[in-house]
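Have a look at the structure below before the remarks.
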Amino acid sequence: MSAYAQSGLAGAPAGTRDHGISGAGIGLRLCHIDEVLRQRPPIPWMELLADNHLAEGGLTALHVEALASLYPLTLHCVGMNLAGTDPLDDDYLRRVLALRERSAAAWVSDHLCFTAVGGRRYHELLPFPYTDQSLRHVAARVHRIQEILGAPLVIENVSAYLRFSDSALGEAQFLSALCRDTDCRLLLDVNNVYVNAINHGEDAEAYLRALPFERVAEIHLAGFAPREDYLLDAHDRAVAAPVWDLYARVATRLSGVPTLIEWDNDIPPLPVLLAEADKVAAITEAPR
Amino acid sequence: MSALAEVQRRLAAALDEDNGPAVDHLLPLLAAGPGRSAAARLSIYRTSARRARERALEQIYPVCREILGPRCFAALAEDYVREFASHGADLNNEGARFPAHLAACIGQRPQLAALPYLPDLACLERDWHAAYYAADDPPFDPARLAALQAAGRAEAAVFRLSAALRLLASRFPVRAIWHSHHHGGRTDRITLGQGDRLVIRRAGPRPTVDAVDPPVHALLSAIADGHCLGELATRGLALEQLPQLIAQGYVVAIDDSAATRRHSA
Ligand SMILES: [Fe+2]
Numbered sequence: 006m007s008a009y010a011q012s013g014l015a016g017a018p019a020g021t022r023d024h025g026i027s028g029a030g031i032g033l034r035l036c037h038i039d040e041v042l043r044q045r046p047p048i049p050w051m052e053l054l055a056d057n058h059l060a061e062g063g064l065t066a067l068h069v070e071a072l073a074s075l076y077p078l079t080l081h082c083v084g085m086n087l088a089g090t091d092p093l094d095d096d097y098l099r100r101v102l103a104l105r106e107r108s109a110a111a112w113v114s115d116h117l118c119f120t121a122v123g124g125r126r127y128h129e130l131l132p133f134p135y136t137d138q139s140l141r142h143v144a145a146r147v148h149r150i151q152e153i154l155g156a157p158l159v160i161e162n163v164s165a166y167l168r169f170s171d172s173a174l175g176e177a178q179f180l181s182a183l184c185r186d187t188d189c190r191l192l193l194d195v196n197n198v199y200v201n202a203i204n205h206g207e208d209a210e211a212y213l214r215a216l217p218f219e220r221v222a223e224i225h226l227a228g229f230a231p232r233e234d235y236l237l238d239a240h241d242r243a244v245a246a247p248v249w250d251l252y253a254r255v256a257t258r259l260s261g262v263p264t265l266i267e268w269d270n271d272i273p274p275l276p277v278l279l280a281e282a283d284k285v286a287a288i289t290e291a292p293r
Numbered sequence: 002m003s004a005l006a007e008v009q010r011r012l013a014a015a016l017d018e019d020n021g022p023a024v025d026h027l028l029p030l031l032a033a034g035p036g037r038s039a040a041a042r043l044s045i046y047r048t049s050a051r052r053a054r055e056r057a058l059e060q061i062y063p064v065c066r067e068i069l070g071p072r073c074f075a076a077l078a079e080d081y082v083r084e085f086a087s088h089g090a091d092l093n094n095e096g097a098r099f100p101a102h103l104a105a106c107i108g109q110r111p112q113l114a115a116l117p118y119l120p121d122l123a124c125l126e127r128d129w130h131a132a133y134y135a136a137d138d139p140p141f142d143p144a145r146l147a148a149l150q151a152a153g154r155a156e157a158a159v160f161r162l163s164a165a166l167r168l169l170a171s172r173f174p175v176r177a178i179w180h181s182h183h184h185g186g187r188t189d190r191i192t193l194g195q196g197d198r199l200v201i202r203r204a205g206p207r208p209t210v211d212a213v214d215p216p217v218h219a220l221l222s223a224i225a226d227g228h229c230l231g232e233l234a235t236r237g238l239a240l241e242q243l244p245q246l247i248a249q250g251y252v253v254a255i256d257d258s259a260a261t262r263r264h265s266a
């Protein structure tokens, strides 16, 4: 039995449905909140960027409570600094925990990266070497965060534009070992897998083979921006065709795992986002 | 320092500067890859990290940006981000020192000399933003003051202001300037007047900016500074206003100054 029997992620498989998170959801951004609360479109679930909703009062908290009464929610963080070497930010974690209670979120996720060092915050998902030392370090921090949250943390693979010569492991092997050592869950961002494969000349299929699929609680899809000599994980457009192809192959092995459309820059009208989420259903429900 | 901390420190240092020794210090740690050079890939992070903070400043200071124009504001924001590190995870708290940065720039750049009110206007925008995101207050408990009175310790009462309240004093009519920009008006017809004493405060969903009389402003400022009731009386402040300030939700709690001091000692 899992150590987190009370949480939305108790037991296997990771994508269990008793928390209400299933099907194709959208990342809800600030510009769409009023419209969603007014029109209440049928969206199976939504993800909030926790860092935008940490305020413990005012309109922000009222919106969170209203959304929580209408939709199953998850929280997505960018500030835990999971791989960082500064002390964990207890105030930030306390506010995330309070938000989790306000939002009744099924789970909380953050990224495999560091975001601060020496007290300086970079507001960016920065890469680090995947070594035995860093694995022990990140595992200890994930343990501590899971104690605070009282639930397994869901950890996302990132688009990384740098690789370190010291890395003894790939990101997938690192995440696999982290799951083994901490009982955490995974958020598989298929766009990030594709972007890294192109930018670093890596093999996306080999990456996916190294990942413990039974640990995947959530899938992300987003659009990248092609630059002259690399792909930028820009979240500023629709999901690209090769990412849909990769997703279709992933979805056959991750049947029932909830999938989310992320769109953070040049955000389109809500119907465009919902249409993008409908494409997920078209793929996962297509006869094979 | 652990090897991991050393790698992170070097990467961060290379993000802090555009080129130079910090970048050279990092490059030996990086694996060669296809496509662009490691230094060029580093710049992806540098640009993105700075843009995140610049976007936060644009959201917090929209009126200053409108007055300065997007290009001038972008240049000032870029300087600010370069000069001052970010120390909090929450981008809503970004740019607390931006008004001071504007004040310093006005002294140095002749083209900004016509906008002496800009730093105070920036304070207003910063405070409005802070009030918007502040925590809700607990309800006022009148029994607290009664208990201090019964114990003969009313003089030691320390009042606490709403977490969603900020005070601003300016010799410029920044409230009128701010309002006129919010309503698409012009600022060239605003008269200088006697200056502003403002309370920026959220009671409903959004903060309001209210002008208050100088005695009320002085009393609220002394309360914000942590002076106890006895000290407020000694200073001859307008204590007759207190019940009204409590009723308005400006003052939300009462502590015992002796207890507070013991606590912080
Ligand atoms: Fe993602």
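Top line first, the protein sequences correspond to chains A and B.
Take any residue in the first sequence, count from 1 to its spot, add 5: that is its number in our numbering.
Take any residue in the second sequence, count from 1 to its spot, add 1: that is its number in our numbering.
Cβ coordinates follow ideal geometry from the N, Cα and C atoms, glycine included.
Could you round the C-beta distance between residue i and residue j to whole angstroms and report it? I think they count as a contact, below 8 Å.
i, j, result
"LEU265/A", "GLU40/A", "Actually they are not in contact, since the Cβ atoms of LEU265/A and GLU40/A sit about 18 Å apart, beyond 8 Å."
"TYR127/A", "ALA13/B", "7 Å"
"PRO49/A", "ALA29/A", "6 Å"
"ALA158/B", "LEU149/B", "5 Å"
"ALA170/B", "ASP197/B", "7 Å"
"PRO263/A", "ILE31/A", "Contact doesn't hold; Cβ gap of about 11 Å is too wide."
"LEU146/B", "ALA225/B", "Actually they do not touch by this definition, with Cβ atoms about 18 Å apart."
"GLY89/A", "PHE119/A", "4 Å"
"VAL210/B", "LEU199/B", "6 Å"
"ILE160/A", "LEU87/A", "7 Å"
For residue i, which three-state DSSP category applies?
i, result
"ASN57/A", "helix"
"VAL200/A", "helix"
"ALA212/B", "strand"
"ALA287/A", "helix"
"SER87/B", "strand"
"LEU158/A", "coil"
"ILE272/A", "coil"
"PRO29/B", "helix"
"VAL244/A", "coil"
"ASP95/A", "helix"
"HIS205/A", "helix"
"ARG145/B", "helix"
"PRO139/B", "coil"
"SER114/A", "strand"
"ASP238/A", "coil"
"ALA266/B", "Because the pLDDT at ALA266/B is just 40, under 50, the model does not fix this residue reliably, and the value given afterwards should be weighed accordingly. Coil."
"ARG258/A", "helix"
"ASP188/A", "coil"
"ASP17/B", "helix"
"ARG236/B", "coil"
"ARG37/B", "coil"
"PRO46/A", "coil"
"LEU216/A", "coil"
"HIS182/B", "helix"
"PHE90/A", "Looking at the sequence provided, one finds Thr at residue 90/A rather than Phe. Correct three-state label for THR90/A: coil."
List the residues of chain A that residue i touches, going by C-beta distances under 9 Å, in chain order.
i, result
"PRO22/B", "Going along chain A, no residue has its Cβ under 9 Å from PRO22/B, so there is no contact; the nearest lies around 17 Å."
"ALA135/B", "ALA60, GLU61, GLY62, GLY63"
Can you tell me which residues form a DSSP beta bridge with residue i?
i, result
"GLU52/A", "GLY32/A, THR79/A"
"HIS229/B", "The sequence given here has Cys at residue 229/B, not His. In DSSP, CYS229/B forms a bridge with VAL159/B."
"THR264/A", "ALA29/A, ILE224/A"
"ALA170/B", "ARG198/B"
"VAL252/B", "LEU162/B"
"PHE169/A", "LEU31/B"
"PRO231/A", "LEU236/A"
"ASP257/B", "ALA158/B"
"LEU302/A", "Nothing about residue 302/A can be read from this structure; chain A reaches only from 6 to 293."
"ARG203/B", "PRO208/B"
In chain B, what lies closer than 7 Å to residue i by C-beta?
i, result
"GLU106/A", "Chain B residues near GLU106/A: none, gap ~14 Å exceeds 7 Å."
"GLU129/A", "TYR46, SER49, ALA50, ALA53"
"TYR97/A", "ALA90"
Does the beta carbon of residue i fall short of 7 Å from some heavy atom of ligand 2?
i, result
"ASP269/A", "This structure lacks ligand 2; the ligands present are ligand 1."
How would you list, in chain order, the residues of chain B whose beta-carbon sits under 8 Å from the beta-carbon of residue i?
i, result
"HIS142/A", "SER3, LEU5"
"ARG168/A", "LEU31, ALA32, GLY34"
Does any residue of chain D have a CB that is nearer than 8 Å to the CB of residue i?
i, result
"PHE218/A", "Absence of chain D from the displayed structure is noted, the protein chains being A and B."
In chain A, what lies closer than 7 Å to residue i by C-beta?
i, result
"GLY36/B", "ASN204, ASP234, TYR235"
"GLY108/B", "Those within 7 Å of GLY108/B in chain A number zero; the least Cβ separation is about 27 Å."
"TYR81/B", "In chain order: nothing, as chain A lies at least about 14 Å away."
List, in chain order, every chain A residue whose beta-carbon is nearer than 8 Å to that of residue i.
i, result
"ALA86/B", "GLY124, ARG125, ARG126"
"VAL8/B", "PHE133, PRO134, PHE169, ASP171"
Residues of chain B with CB closer than 9 Å to the CB of residue i, please, in chain order.
i, result
"LEU72/A", "What LEU72/A touches in chain B: nothing, since even the nearest Cβ is about 15 Å away."
Length-filtered (3 minimum) beta strand (DSSP E) runs lying within the stretch 119-144 of chain A: Entirely contained in the stretch 119-144 of chain A, the beta strand (DSSP E) runs reaching 3 residues are, in chain order, 119-122, 125-131.
Whole alpha helix (DSSP H) elements within the stretch 51-134 of chain B, 4-residue minimum: Runs found: 63-69, 71-84, 99-109, 119-133.
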